[in-house]
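Data block below; observations after.
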């Protein structure tokens with residue numbers, strides 16, 4: 220699978236096509252994919268989403284994705300990497316530094332449900348206006364267009380951060396700028412969630428030079444839940460995503476996320492969610508049909 224790199228803090232790209240852009244690939248940077256017009260399917264980490272105009276997708280480093288175009292689609296892409304956060308921090312005045320640090324924390328440590336990142340109508344309207352403005356500046360190249368583009372990109376990224384931030388547990392929000400080690404542990408867990416041998420307490424404690432006996436207490440102090448609970452809940456969030464946005468069978472999901480077997484996944488899912496994975500999938504699909512019927 221090809222992996223793309225970005226060698227500048229950020230770039231913007233406008234594309235119009237009626238063909239699939241590329242085969243499944245990964246990035247070493249963040250990418251915001253805005254659908255100006257058109258329809259098709261966006262597959263992110265094996266989860267499929269029907270896209271339409273106004274959708275905004277966030278791809279994090281190492282996410283794999285592929286776009287299948289159904290009708291001619293206009294894409295607007297904003298790509299940025301760690302150099303972006305560093306350059307922003309260096310240019311910011313002292314009172315802005317904390318916000319830049321928080322932006323970096325949100326994008327590196329916040330989990331989000333795949334799909335359109337914008338949940339509120341106000342933000343959808345605001346982002347559309349900003350994207351329209353970015354396209355005009357990009358095409359017309361009037362005086363100071365680079366500076367204006369930079370500020371508008373910053374605003375779009377901040378709006379995305381807001382949509383991510385509202386899902387951060389309150390305890391974690393209060394510690395976002397106070398405990399760098401906890402944030403690194405969270406990022407470590409997310410990065411190695413498919414490698415259970417690296418998620419053992421001994422491995423994590425050794426990686427961060429914390430006593431094995433103190434690790435869980437330390438993590439709970441700063442997040443409000445034990446490390447094992449966090450790992451389990453994160454895995455179950457990935458299970459939910461696959462149940463809702465893929466055709467994977469339960470045993471395939473169990474295998475991918477390293478549950479012992481299907482019955483083990485069923486038992487853990489029901490313990491935490493109060494319903495079986497199959498029941499959860501049927502219930503959500505039924506609710507969606509009811510919503511569609513009600514709005515038809």
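In this note's numbering, the protein residues as written are 220 to 515. Quick reminder that beta carbons are idealized off the backbone N, C-alpha and C, glycines included.
Query, Result
"Closest Cα partner of residue 406 within the set 280, 228, 346 and 302", "280"
"Alpha-carbon to alpha-carbon, residue 306 and residue 248", "15 Å"
"Residue 505 vs residue 458 beta-carbon contact at 8 Å", "no"
"Member of 341, 495 and 371 whose CA lies at the smallest distance from the CA of residue 231", "371"
"For residue 382 and residue 344, the rounded distance between their alpha carbons", "14 Å"
"Where residue 413 falls: helix, strand or coil (DSSP)", "coil"
"Paired residues, beta bridge with residue 244 - DSSP", "221 and 284"
"Inter-residue CB distance, residue 259 and residue 286 (contact presumed, cutoff 8 Å)", "6 Å"
"Element boundaries [alpha helix (DSSP H), containing residue 469]", "469-475"
"Exposure of residue 454, with buried meaning 16 or more beta-carbon neighbours within 10 Å", "buried"
"Length of the line joining the Cα atoms of residue 283 and residue 243", "6 Å"
"Residue 435 beta carbon less than 8 Å from that of residue 422", "no"
"Three-pair Cβ contact test at 8 Å for the stretch 290-306 versus the stretch 220-229", "yes"
"Residue 275 beta carbon less than 8 Å from that of residue 335", "yes"
"Simplified DSSP state of residue 478, which is helix, strand or coil", "coil"
"Candidates 348, 486 and 234, of which the one nearest residue 296 by Cα", "234"
"Residue 289 (DSSP reduced to helix, strand or coil)", "strand"
"Through-space distance from residue 475 to residue 412, alpha-carbon basis", "10 Å"
"Backbone CA spacing between residue 365 and residue 271 [nearest angstrom]", "29 Å"
"Euclidean distance between Cα positions of residue 367 and residue 358", "13 Å"
"Local conformation of residue 259 per DSSP, three classes", "strand"
"Residue 429 (DSSP reduced to helix, strand or coil)", "coil"
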